[in-house]
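Reviewing the structure listed below.
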Amino acid sequence: MGSVVSANDRVEPVERQEFQAFQQRTTSEESDDFRSPKNRQCTDVFFLILMATFLIVLGVLIIYCFIHGDIYRVLNGYDNCANVCGRQNYKVKNDPRFACLGIDWKYENLLLVRNLEYYSGNTEQVQKICVHNCSEHGDYRQVFNRCLPKKAVSSVDSFISKLGWHDFFHEATEDLLLTWKEIVYLCIIGFVFSVILVALLRFFVGFLVWVVLIGVILFSVIVTGLLWYFYKQHTDDRNNEIAYFGITIANEKKIYYLVGAITQTIEITRLLILE
2 MGSVVSANDR
12 VEPVERQEFQ
22 AFQQRTTSEE
32 SDDFRSPKNR
42 QCTDVFFLIL
52 MATFLIVLGV
62 LIIYCFIHGD
72 IYRVLNGYDN
82 CANVCGRQNY
92 KVKNDPRFAC
102 LGIDWKYENL
112 LLVRNLEYYS
122 GNTEQVQKIC
132 VHNCSEHGDY
142 RQVFNRCLPK
152 KAVSSVDSFI
162 SKLGWHDFFH
172 EATEDLLLTW
182 KEIVYLCIIG
192 FVFSVILVAL
202 LRFFVGFLVW
212 VVLIGVILFS
222 VIVTGLLWYF
232 YKQHTDDRNN
242 EIAYFGITIA
252 NEKKIYYLVG
262 AITQTIEITR
272 LLILE
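Here the numbering used here is used: the first residue of the sequence shown is 2, the next is one more, and so on.
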């Protein structure tokens, strides 16, 4: 080693001033190499000012409504005397319109509306009172913070059932209860892969972009082919038709596969054209 490294090649400390001068020289050389675009100026100034003005006005309105309003008038409702349910109400002096205002409804946080069927534009015909329990006042059922007649709720349930929404939500709830663990596992796996991809993008940008692009295209092509295959299979197979409320299960599945296949074909075509 002594024959390779001479005495003049020793590493020695330098003065602070010399190091600062070297730093300034390096910075000036880098700044000389930079070529900025000519005639640079701010863009979209008008819309930036417009957005800032909108946000300021929105903030002022929110603060004003928060100070002078009461969100519980919407959440809990109020009776005929404007007493808010679930709140301690206070009297308004020297105002005969609110003579009955000031009732303590702290423990009555549900609004019950009576005589709604006789409503003909005059709010005085409707009786609104704050109650603690809906079932104590006849055939009423609690819906959020309101007490609604059970007949009206049953009519709504019947209407939803006729539209088929009841079966849809029932099946969706059952699917979530049966597969919530798998959904959580898939979310965790997707999050881990996302973190890994973001970390690898620092070192293999071009390679990862091409891998993701090719993978998405191949996956889309495979899904499109499978959907068309299942549609063709259900079209040819007539033995799976089982009557279910006047509509066959096979026909329903065939329609689902057809819609999915057409949608996926349009998407993969658009993806290939854009790429």
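For every residue, glycine included, the Cβ atom is placed at its ideal position computed from N, Cα and C. Keep in mind the model is a prediction, meaning the values are calculated, not measured.
Original post:
With a CB to CB cut of under 7 Å and the five nearest residues on each side skipped, what residues in its chain are close to L259?
Top reply: Y232
**OP:** Specify whether the segment 199-216 and the segment 255-270 touch according to this definition: at least 3 beta carbon pairs, one from each stretch, less than 8 Å apart.
**Re:** no
Original post:
To the nearest angstrom, how far is it from the Cα of V75 to the Cα of N95?
Top reply: 26 Å
Subject >> Closest residue to N110 among N134, L202, L178 (Cα-Cα distance) >> reply: N134
Subject >> Segment contact flag, the segment 86-94 with the segment 50-60, C-beta cutoff 8 Å, min 3 pairs >> reply: no
Original post:
Where do the ends of the beta strand (DSSP E) carrying Q89 lie?
Top reply: Taken as a continuous stretch (DSSP letters only), Q89 belongs to no beta strand (DSSP E), as it is neither H nor E.
Original post:
For the putative contact between N84 and C131, defined by C-beta atoms under 8 Å, what is the C-beta separation to the nearest angstrom?
Top reply: 7 Å
Subject >> Identity of the residues DSSP links to C82 by a beta bridge >> reply: For C82, which the question treats as bridged, DSSP gives no partner whatsoever.
**OP:** Could you tell me which of Y108, A53, C82 sits nearest to P97, measuring between CA atoms?
**Re:** C82
Subject >> Pair within 8 Å by beta-carbon distance, R142 and G78 >> reply: no
**OP:** Could you give the DSSP three-state label for L112: helix, strand or coil?
**Re:** strand
Subject >> Local conformation of C148 per DSSP, three classes >> reply: strand
Original post:
Which residues does DSSP pair with K129 in a beta bridge?
Top reply: V114
**OP:** Assign A262 to one of two classes, buried (16 or more other C-beta atoms within 10 Å of its C-beta) or exposed (fewer than that).
**Re:** buried
**OP:** Quick one: measure Cβ to Cβ for L209 and L219, integer angstroms, because I've assumed they're closer than 8 Å.
**Re:** With a Cβ gap of about 15 Å, L209 and L219 do not count as contacting.
Subject >> Residue from L228, F48, F192, F47 whose Cα sits closest to the Cα of I256 >> reply: L228
**OP:** Could you spell out the range, first to last residue, of the alpha helix (DSSP H) harbouring A53?
**Re:** 46-69
Subject >> Residue burial classification, L198 (beta-carbon count within 10 angstroms, cutoff 16) >> reply: exposed
**OP:** On a CA-only basis, which of G226, G139, Q128 is nearest D80? Give me that one, please.
**Re:** Q128
Subject >> Nearest candidate by alpha-carbon position, reference L273, set H235, S221, L113 >> reply: S221
Original post:
Under three-state DSSP, which class holds R74?
Top reply: helix
Original post:
Within 10 angstroms of its Cβ, does W106 collect 16 or more other Cβ (buried), or is it exposed?
Top reply: buried
Original post:
In this structure, what does DSSP give as the bridge partners for R98?
Top reply: Paired residues: none, contrary to the question.
Original post:
Taking the C-alpha atoms as reference points, what is the distance between V144 and I223?
Top reply: 47 Å
Subject >> Between the CA atoms of S136 and I184 - distance to the nearest angstrom >> reply: 39 Å
**OP:** For T180, collect the residues of the same chain with a Cβ closer than 8 Å to its Cβ; drop the 5 residues on either side in sequence, then sort them by chain order.
**Re:** none
Original post:
Given K254, which residues of its chain have a CB within under 6 Å of its CB, disregarding the five upstream and five downstream residues?
Top reply: H235
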